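*Asks:* Have a look at this one before I ask anything.
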Amino acid sequence: MLTLERRQKILQWILREGRAEVAELASAFGVSTMTIRRDLKALENEGLLARSRGGALSRNGLIGEIPYRSKVTSHLELKRGIAKVAAGLVENNSTVILDAGSTTLEVARCLKKSKENLTIVTNDLNIAIELADVPGFKVLTTGGEVQPGVYCLLGEEALAFLRSISVNIAFLGAGAVDLAGLYTPTLDKVHLKRAMVASAAKAVLVADHTKFGRKAFAKVCELKVVDLIITDNQLAPQIVAEMERQGINLILAEPDNTV
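Taking numbering that gives the first Met the number 0, the leading residue of the sequence shown gets 0, the next gets one more, and so forth.
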């Protein structure tokens, strides 16, 4: 297991359980306690957890901003399955917003393989680069300030651009999701995501199951504001049942192991 993958799994463990001991992590991942201590120190330096005597703690149960290099390699088969379903909602010759994120990057890759003559609007530099040379695709970035380590575009310029357009469909990511709504780790993304929803005839949330049952710092909107949620089939049955009870449109995608 690569270092980044192990650290991502350690972070997910601590976010899920609230805390973890060095010894149990070393046993679970088959590495030395010294390696785990280095991992925990690196994650603490990124502001993702707090080290304690003999282990580490979640930072108040809130999801922080996870660096791009960590997000893009985690749960790929789940994200690809979600992306495949999402791409199936897009018609040729349509206009699409792709929010910044690792799951929306997989949506972009599916669109690249399966669709023609799309106009893509994004605030994600990685998505823009992924699609820039696709024949028949027109790629527009929102403008704005680049967020270091995440490579998304933020600020008034991005917000003004999103408020000035109208598209067929928007795919949003989220830092965290619970039954009360969807969340993002930083306030500066809240208005951008709301503008994406307002600019689209159809708004779709794409997020794997690890984002659910969590909160992050800033609430974007209630779940009923988006038209559809696409996640993977590992979402907890009790969450699925409650969403269905609330009348929330939900698709559970099968994992996709193809590259």
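Beta carbons: idealized from backbone N, C-alpha and C, even for Gly. Quick caveat: nothing in here was measured; it's all calculated off a predicted structure.
1. Quick check on A200: buried or exposed, where buried means 16 or more other Cβ atoms within 10 Å of its Cβ?
2. Going by the beta-carbon positions, is the gap between Y182 and G174 smaller than 7 Å?
3. State the CB to CB distance for the pair L191 and A217, rounded to an integer number of angstroms; the pair is presumed to be in contact (CB under 8 Å).
4. Using C-beta distances below 6 Å, list every residue in its chain close to I13, excluding the 5 sequence neighbours before and after it, in chain order.
5. If we count the other Cβ atoms within 10 Å of its Cβ and call it buried at 16 or more, is K112 buried or exposed?
6. Which whole-angstrom value is the C-beta distance of L42 and L10, which I expect to be below 8 Å?
7. Helix, strand or coil: how does DSSP classify R108 here?
8. Out of H74, A27 and S51, point me to the one whose CA is closest to N232's CA.
9. With a threshold of 8 Å, are at least 3 pairs of Cβ atoms found where one atom belongs to the stretch 96-110 and the other to the stretch 124-132?
10. Going by DSSP in three states, G180 sits in which element: helix, strand or coil?
11. Drop a sphere of 10 angstroms on the beta-carbon of S31, count the other beta-carbons inside from all chains shown, and report buried for 16 or more, exposed for fewer.
12. When burial is assigned at 16 or more other CB atoms within 10 Å of the CB, is A131 buried or exposed?
13. Does any residue of chain B bring its CB to less than 7 Å from the CB of M195?
14. According to DSSP, which residues form a beta bridge with D123?
15. Considering only residues of the same chain and omitting the five flanking positions on each side of I250, which have a CB-CB separation below 8 Å?
16. Using the C-alpha atoms, what's the distance from V21 back to R36?
17. Tell me whether the beta-carbon of C151 lies closer than 7 Å to the beta-carbon of N122.
18. Which same chain residues end up closer than 7 Å to I164 when comparing Cβ atoms and leaving out the 5 residues on each side of it in sequence?
19. Return the residue from the list F160, K8 and G17 that minimises the CA-CA distance to G29.
20. Could you name the residues of the same chain whose beta carbon sits closer than 7 Å to that of G142, not counting the 5 residues immediately before and after it, in chain order?
21. Mind checking who E20 pairs with in its DSSP beta bridge?
22. Answer with buried or exposed for K114, where buried requires no fewer than 16 other C-beta atoms within 10 angstroms of its C-beta.
23. Would V189 and V219 be called neighbours here (beta carbons separated by less than 7 Å)?
24. So K218 is in the beta strand (DSSP E); what residue range does that whole segment cover?
25. Among I238, G135, G17 and S93, which has the Cα closest to the Cα of V166?
26. Using the Cα positions of V169 and V203, report the straight-line distance between them to the nearest angstrom.
27. Taking the CB atoms as reference points, tell me whether R79 and D255 lie closer together than 7 Å.
*Replies:* Answer, in terms of the structure:
1. In the sequence shown, counting from the first residue as 1, residue 200 sits at position 201. Here A200 is exposed. Its C-beta has fewer than 16 other C-beta atoms within 10 Å.
2. If you number the sequence shown from 1, residue 182 lands on position 183. If you number the sequence shown from 1, residue 174 lands on position 175. Cβ atoms of Y182 and G174: closer than 7 Å.
3. Here residue 191 is taken as the residue at index 192 of the sequence shown, counted from 1. Here residue 217 is taken as the residue at index 218 of the sequence shown, counted from 1. Incorrect: roughly 11 Å between the Cβ atoms, too far for contact.
4. Your numbering for residue 13 matches position 14 in the sequence shown. Closer than 6 Å at Cβ, skipping near neighbours: A19, L48, A55 and S57.
5. Along the sequence shown, read from residue 1 onward, the residue named residue 112 stands at position 113. Classification of K112: exposed, given that the 10 Å Cβ count is below 16.
6. Along the sequence shown, one-based indexing puts residue 42 at 43. Along the sequence shown, one-based indexing puts residue 10 at 11. About 6 Å; that satisfies the 8 Å criterion.
7. Within the sequence shown, numbered from 1, the residue matching residue 108 stands at position 109. Residue state, collapsed to three classes: helix.
8. To locate residue 232, count along the sequence shown from 1; it is residue 233. Of the listed residues, the one whose Cα sits closest to N232 is H74.
9. yes
10. Stepping through the sequence shown from its first residue, residue 180 is reached at position 181. It is a strand residue.
11. Counted from its first residue, the sequence shown places residue 31 at position 32. Exposed, since its Cβ has fewer than 16 Cβ neighbours within 10 Å.
12. Numbered from 1 along the sequence shown, position 132 holds the residue referred to as residue 131. Residue environment analysis places A131 among the exposed positions, since fewer than 16 neighbouring C-beta atoms fall within 10 angstroms of its C-beta.
13. No chain B appears in the structure shown, which is made up of a single protein chain.
14. For the purposes of this step, residue 123 is taken as the residue at position 124 of the sequence shown. In the DSSP output, where bridge partners are listed per residue, D123 has C151.
15. One-based indexing of the sequence shown puts residue 250 at position 251. V84, L227, I228, I229 and T230, listed in sequence order.
16. By 1-based counting over the sequence shown, the position of residue 36 is 37. By 1-based counting over the sequence shown, the position of residue 21 is 22. Distance between the alpha carbons of R36 and V21 is about 7 Å.
17. As a first step, residue 151 is located in the sequence shown; it is residue number 152 there, counting from the start. As a first step, residue 122 is located in the sequence shown; it is residue number 123 there, counting from the start. A contact, by the Cβ cut-off of 7 Å.
18. Here the question's residue 164 lines up with position 165 in the sequence shown. So the list reads V120 and S198, once near-sequence residues are dropped.
19. One-based indexing of the sequence shown puts residue 29 at position 30. Cα-wise, what sits closest to G29 is K8.
20. Translated into positions along the sequence shown, residue 142 becomes position 143. These residues qualify, in order along the chain: L152, E156, A157 and F160.
21. The count along the sequence shown starts at 1 and reaches residue 20 at position 21. E20 is bridged to G54.
22. Residue mapping note: residue 114 aligns to position 115 of the sequence shown, counting from 1. Taking all protein chains in view, the Cβ of K114 is crowded by 16 or more other Cβ atoms within 10 Å, so the residue is classified as buried.
23. Locating residue 189 in the sequence shown gives position 190, where the first residue counts as 1. Locating residue 219 in the sequence shown gives position 220, where the first residue counts as 1. Yes; because the gap between Cβ atoms is below 7 Å, this pair is in contact.
24. Translated into the one-based positions of the sequence shown, residue 218 becomes position 219. Where K218 is concerned, the enclosing beta strand (DSSP E) stretches over A217 to C220.
25. On the sequence shown, position 167 is the one that residue 166 refers to. Selected option, being the one with the closest Cα: S93.
26. As a first step, residue 169 must be located in the sequence shown, where it is residue number 170. As a first step, residue 203 must be located in the sequence shown, where it is residue number 204. According to the sequence as given, residue 169 is Ala; it is not Val. So the two alpha carbons sit approximately 6 Å from each other.
27. Looking up residue 79 in the sequence shown gives position 80. Looking up residue 255 in the sequence shown gives position 256. Yes, they are a contact pair.
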